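Visitor: Protein chains in written order, with this note's numbering: chain Y, 1 to 261; chain D, 1001 to 1293. Ideal Cβ placement from N, Cα and C applies to all residues, glycine included. Computed from a prediction, not measured in an experiment: that's the story for all the values here.
#1: Examine chain Y for any beta-carbon lying closer than 7 Å to the beta-carbon of residue 1012 of chain D, and answer yes or no.
#2: Can you list, in chain order, the residues of its chain whose CB lies under 6 Å from that of residue 1110 of chain D, leaving out five sequence neighbours each side?
#3: Which residues in chain Y have a C-beta closer than 7 Å to the C-beta of residue 1187 of chain D? List them in chain order.
#4: Who are the neighbours of residue 97 of chain Y on chain D, taking C-beta pairs under 7 Å?
#5: State yes or no: is the C-beta of residue 1115 of chain D within less than 7 Å of the C-beta of residue 1140 of chain D?
#6: Which runs of the beta strand (DSSP E) at least 3 residues long sit entirely within the stretch 1221-1254 of chain D? Give them in chain order.
#7: Short of 6 Å in beta carbon distance, which residues of its chain neighbour residue 1147 of chain D, apart from the five on each side in sequence? Order them along the chain.
#8: Can you name the residues that DSSP bridges to residue 86 of chain Y?
#9: As a quick exercise: from Y/217, Y/143 and Y/88, pick the residue whose alpha carbon is nearest that of residue 158 of chain Y.
#10: Using only CA atoms, which one of Y/226, Y/115 and Y/75 lies nearest to residue 243 of chain Y?
#11: Taking the C-alpha atoms as reference points, what is the distance between residue 145 of chain Y and residue 94 of chain Y?
#12: Grouping DSSP H, G and I as helix and E and B as strand, with all else coil, what is residue 75 of chain Y?
#13: Under a three-way DSSP split, which group does residue 1046 of chain D fall into?
#14: Leaving out the 5 sequence neighbours to the left and right, which residues in its chain are closer than 8 Å to residue 84 of chain Y when beta-carbon positions are compared?
#15: Any chance the stretch 76-83 of chain Y sits against the stretch 1199-1219 of chain D, with 3 or more Cβ pairs inside 8 Å?
#16: May I ask you to report which of helix, strand or coil DSSP gives residue 62 of chain Y?
#17: Which runs of the alpha helix (DSSP H) spanning at least 4 residues fall entirely within the stretch 1144-1215 of chain D, listed in chain order?
#18: Express the C-alpha separation of residue 197 of chain Y and residue 1187 of chain D in angstroms, rounding to a whole number.
#19: With 7 Å as the threshold, decide whether the Cβ of residue 1063 of chain D is near any Cβ in chain Y.
#20: Could you name the residues of the same chain whose beta carbon sits closer than 8 Å to that of residue 187 of chain Y, not counting the 5 residues immediately before and after it, in chain order?
#21: Hey, could you find the ends of the beta strand (DSSP E) residue 54 of chain Y is sitting in?
#22: Looking only at DSSP bridge pairs, what is residue 1052 of chain D linked to?
#23: Taking the alpha carbon of residue 1172 of chain D as the reference point, which residue from D/1112, D/1051 and D/1163 has its own alpha carbon closest?
#24: Let me know if residue 237 of chain Y comes out buried or exposed under the rule of 16 or more other beta-carbons within 10 Å of its beta-carbon.
#25: Looking at chain Y, which residues of the stretch 1177-1203 of chain D have a Cβ within less than 9 Å of any of its Cβ atoms?
#26: Does the contact criterion of 3 or more C-beta pairs under 8 Å hold for the stretch 43-63 of chain Y versus the stretch 216-236 of chain Y?
#27: Look at the alpha carbon of residue 1003 of chain D and the alpha carbon of residue 233 of chain Y, and state the distance between them as a whole number of angstroms.
#28: Please check if any C-beta of chain Y sits within less than 7 Å of the C-beta of residue 1004 of chain D.
#29: Could you work out which residues of chain Y lie near residue 1028 of chain D, taking near to mean beta carbons separated by less than 9 Å?
#30: Could you check what DSSP says for residue 1057 of chain D in three-state terms: helix, strand or coil?
#31: At a Cβ cut of 8 Å, what residues of the stretch 142-153 of chain Y count as close to chain D, listed as they run along the chain?
#32: If we ignore side chains and look at the alpha-carbon of each, how far apart do residue 139 of chain Y and residue 118 of chain Y end up?
#33: Look at the Cβ atom of residue 1192 of chain D, then the Cβ atom of residue 101 of chain Y, and state whether they are nearer than 7 Å.
#34: If you count every other CB in all the chains shown that lies within 10 Å of the CB of residue 246 of chain Y, and 16 or more means buried, which is it?
#35: So residue 1100 of chain D and residue 1227 of chain D are supposed to be a Cβ contact under 8 Å. How far apart are they, rounded?
#36: Should residue 7 of chain Y be labelled buried (16 or more other beta-carbon atoms within 10 Å of its own) or exposed?
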């Protein structure tokens, strides 16, 4: 089903080698303590789905914020070749005085989309996340999963080729999370997005990503990475996901145990 | 590589998701009908008023106090009716309400600017914040003697007292409103690429609105109180007869019926403005945000 989009034919331009290139990135908040991020190198190809996995406080959210442009790194560089990235948080962070459609429209307005176009485009984006006809609802009239999908529609409204997600489904129950995994994978493959997905849930990382990066804590460093060879869509219960998750969990636990000695 | 057997088709997952939505979307209780509203919200205060008047009549009938000190409800009603018929009540209301409105609007302008300045400058806030909060608990009637010495028995003295009473509440309300804005929402504004002005206009101000509005409501209550205190004390023919002055005339004539009628009028006007202007505004703002029904 070909949907009319507001996007200029970006795909026809010469595709850059990577959507984001992070080089030797370091972030130091307090001088006497180990750096929050240390010599991070990440390269995300256009259309690639990368999961960033690590224990709480390992700096994965800091890394994501820096890529989103919400801070300045102490040293190193971040090159985002696809314009302003879209960012989703663990909370939906919807503006409660606006309707679902109003929240999506604000993102369109920030991009300078005209009023009439905003309305039809918001409706299209809401139907993309399976919320057709729900645009007039207020935030408090939506369930947690619906709110997070409105947030997803708002992120898509930024029309970025790069979607950054900071544990976006961590606060949802397992059934709803499952539904949103399917939703996200469908949108990712349809829209050709690059995704960096931060999580501390190993199975979720393997369920979603083409590549899983494991981060160690203090200093925050990328210690290992895995290519996930399975095709999408795949189920979180499938034996392949389980096997790889078991292997990665083993390394994650070893990484955490290092700090217990 | 083969797709796992248990994988669902797109259509299946859409239906699954729609089912979740139907089960999980919060069900809002429907708004009560007029009958229920009457029974729940209107009837109880009416019962209380009737009971109060009955007690009053009982106190009068049993001569608890001499009748010049405690007139009957009917006497007060007659005096009240008299002041309405000969236009004194309307004159007093219009004088006091126009003063109150003007004083409140001036307080609104000054309080809002003060609040904004204190929000922008941490230094200013640390320097004068405690005094602004302290002023909020100072009864503004304490300013009346000072105002009379500065401005004489004039409108200026009355407005000075009203401003000193209302400005701190409004400034503090605005500050509280800004303080309550979740930092995450401002982050959203930045992620969406809104300009500074755009973030203030589309995120910060609407998010601060509930706190600001409750500051305004309190500011109005303080304006009205300060105004009555000022009118009660600054009496001069040039100032006309507002509700406070009318109350003072009643005291000087030892006419308790007029005193009670004036108190009643002051109460009704203050409550009416709160109910007709501020309450609907606040209810609308809160309901939009799902904070109340």
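Guide: Concretely, from the data shown:
#1: no
#2: 1167
#3: 70
#4: 1206, 1288 and 1289
#5: no
#6: none
#7: 1157, 1160 and 1161
#8: Y/163
#9: Y/88
#10: Y/226
#11: 13 Å
#12: strand
#13: helix
#14: 69, 158 and 160
#15: no
#16: helix
#17: 1144-1151, 1155-1179, 1183-1191 and 1196-1199
#18: 18 Å
#19: no
#20: 128, 129, 152, 156 and 193
#21: 49-54
#22: Answer is none; residue 1052 of chain D lacks a bridge partner.
#23: D/1112
#24: exposed
#25: 1182, 1184, 1185, 1187, 1188, 1189, 1190, 1191, 1192, 1193, 1194, 1195, 1198, 1202 and 1203
#26: yes
#27: With a pLDDT of 45 at residue 1003 of chain D, under the threshold of 50, the predicted position of this residue should be treated as unreliable, and no value is reported.
#28: Note on residue 1004 of chain D: pLDDT 46, under 50, position unreliable in the model; no value is reported.
#29: 140 and 141
#30: helix
#31: 142, 143, 144, 145 and 146
#32: 19 Å
#33: no
#34: exposed
#35: 5 Å
#36: Caution applies to residue 7 of chain Y, whose pLDDT of 44 falls short of 50 and renders its modelled position unreliable; the value that the coordinates give is listed next. Classification for residue 7 of chain Y: exposed.
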